[in-house]
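Working notes, beginning with the structure itself.
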Amino acid sequence: MQHDYLKNLVKRYLEKKSTDEELEIFIHLMKQGKLDQYIREEMDADTAVQQNEEEEESKGKRLYLRWPIAAAIALIMAFSGYALFQQRDNSTSRMVKISNTGQRIRKETLPDGTTVWLNPNTSLSYPRKFGKLREVKMRGEAFFEVTKDHAHPFLITSGRVITKVWGTSFRIRSVPGENDTQVSVLSGKVSVTVPSASAGIRLSKDSSKEEIFLLPQQEVIYKVADHRLIKSPIPETSDVAIWRKSSLSFENTKLKVIAAELSKFYHVKLNIEGNDLQENKLTADFTDKNLADILLLICKSVHSTYSKEKDTITLRTTN
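The opening position of the sequence shown corresponds to residue 13 in the working numbering, with each subsequent residue numbered one higher.
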């Protein structure tokens with residue numbers, strides 16, 4: 013059973029049909045010498061086939077015909093890592109860039125199932141297909157709910173800060189023009205580093221560390237001016253509260269009352285334009301929803317839209 017698997021693993025590599033997972037296994041086993049037998053078998057099989065087909069050809073001709081697979085094996089043995097990753101589908105490296113140029117929060121789902129909410133004036137780039145590492149880059153402010161996958165760490169580059177997560181929910185704020193970058197965790201665990209830390213960046217409380225770990229309800233701010241990572245509890249009045257899951261539900265309740273409750277729960281200013289929209293009644297269960305999803309549900313229910321500017325959100329009837 014193992015013999016057939018290893019033989020097929022080599023064959024798929026030589027035919028350039030390997031998946032990302034198969035490629036990782038191939039190079040690991042090849043470096044240990046566990047694939048030597050199967051590589052030789054492929055070479056012998058290739059030689060036998062060509063000898064039968066080219067019986068009348070000269071020995072030099074047969075050697076020339078065997079060159080493609082022999083060369084492939086030579087490249088594997090000499091440049092295993094390079095040859096391996098050059099076989100990857102080009103689509104893996106193709107980047108997707110999303111920019112939220114509107115005034116509403118934009119919700120996106122990444123290839124691994126991770127959900128991202130992009131605030132206005134936020135951009136995010138990521139590969140069409142994740143490899144061993146799930147790496148994305150962002151500018152602006154976004155909230156992530158990362159799909160758990162311990163075999164494939166999730167890395168976010170925001171300005172000079174790198175955030176590493178395994179499966180959690182957190183907010184990153186790295187707005188162009190602002191000196192500081194902030195990472196706030198609501199669930200799970202993340203680590204935050206600055207690549208240039210070894211060049212003199214000091215970390216609060218423990219200058220010997222170059223990586224800070226955050227647990228739920230903790231945040232870190234990278235102070236560019238004096239090169240510091242400052243860790244602290246998330247304040248109760250923090251605007252990260254809009255990403256907390258609600259336990260609210262309403263039955264035949266006026267929208268102005270719902271808005272007041274949401275404002276209190278999420279520590280934001282929620283304005284409703286127009287008496288008709290304020291008096292509109294709504295029955296809804298917002299349990300386990302964050303404010304961005306709640307606003308979307310409200311807008312669909314009462315044919316309205318909203319805009320967000322800093323900590324103020326305004327609902328208005330759709331024209």
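The beta-carbon is built from N, C-alpha and C at its ideal position, and this holds for glycine as well.
Selection from the options that minimises the alpha carbon distance to residue i
i: isoleucine 39; options: Glu54, Glu53, Leu18; result: Leu18
i: glutamate 53; options: His15, Lys29, Ile37; result: His15
i: isoleucine 246; options: Asp238, His239, Asn131, Arg256; result: Arg256
i: asparagine 292; options: Tyr278, Thr249, His315; result: His315
i: threonine 329; options: Lys301, Glu285, Arg116; result: Glu285
i: valine 269; options: Ile254, Leu289, Asp251; result: Leu289
i: arginine 140; options: Thr175, Ile110, Asp192; result: Ile110
i: alanine 154; options: Lys320, Ser250, Ser261, Ile184; result: Ile184
i: threonine 180; options: Phe277, Ser244, Gly125, Glu248; result: Gly125
i: alanine 304; options: Phe142, Leu227, Ser275, Leu294; result: Ser275
i: valine 177; options: Val252, Arg24, Asn20, Glu223; result: Glu223
i: proline 228; options: Val195, Gly45, Glu263, Leu47; result: Val195
i: alanine 163; options: Ile174, Thr175, Arg146; result: Arg146
i: histidine 239; options: Lys301, Val173, Ser261; result: Val173
i: alanine 253; options: Asn287, Phe262, Arg24, Lys301; result: Lys301
i: asparagine 191; options: Val236, Ser203, Leu307; result: Val236
Residue i - containing alpha helix (DSSP H), residue span
i: valine 197; result: No alpha helix (DSSP H) holds valine 197; the beta strand (DSSP E) holding it covers 193-199.
i: leucine 335; result: Past the edges of the chain, shown from 13 to 331, lies residue 335, and the structure says nothing about it.
i: leucine 327; result: Looking at the DSSP string, leucine 327 is not in any alpha helix (DSSP H); the run it does join, the beta strand (DSSP E), is 324-329.
Residue i in three-state terms, based on DSSP
i: lysine 221; result: Since pLDDT at lysine 221 reaches only 46, below the 50 mark, its modelled position is unreliable, and no value is offered.
i: asparagine 264; result: strand
i: leucine 167; result: strand
i: tryptophan 129; result: strand
i: lysine 71; result: With a pLDDT of 49 at lysine 71, under the threshold of 50, the modelled position of this residue cannot be trusted, and the question is left open.
i: glutamate 273; result: helix
i: proline 123; result: coil
i: isoleucine 117; result: coil
i: proline 188; result: coil
i: glutamate 27; result: coil
i: aspartate 48; result: helix
i: aspartate 334; result: In the structure as shown, the chain begins at 13 and stops at 331. Residue 334 is therefore absent and cannot be evaluated.
i: leucine 21; result: helix
i: alanine 86; result: Unreliable positioning characterises alanine 86 in this predicted model, as indicated by a pLDDT of 48, which lies under 50. A coordinate reading is not provided.
i: proline 247; result: coil
i: leucine 226; result: strand
i: valine 252; result: helix
i: aspartate 16; result: helix
i: aspartate 288; result: helix
Residue i: first and last residue of the uninterrupted beta strand (DSSP E) it sits in
i: glutamine 230; result: 230-235
i: leucine 282; result: 281-284
i: leucine 136; result: 134-139
i: leucine 294; result: 293-297
i: serine 203; result: 202-205
i: lysine 176; result: 173-177
Beta-bridge partners of residue i, as assigned by DSSP
i: asparagine 112; result: Thr134
i: glutamate 147; result: Leu167
i: alanine 154; result: Leu130, Ile184
i: glutamate 321; result: Thr324
i: methionine 107; result: Pro139
is_contact[residue i, chain D] using C-beta, thresh 9 Å
i: asparagine 191; result: Structure shown: chain D not included; a single protein chain is present.
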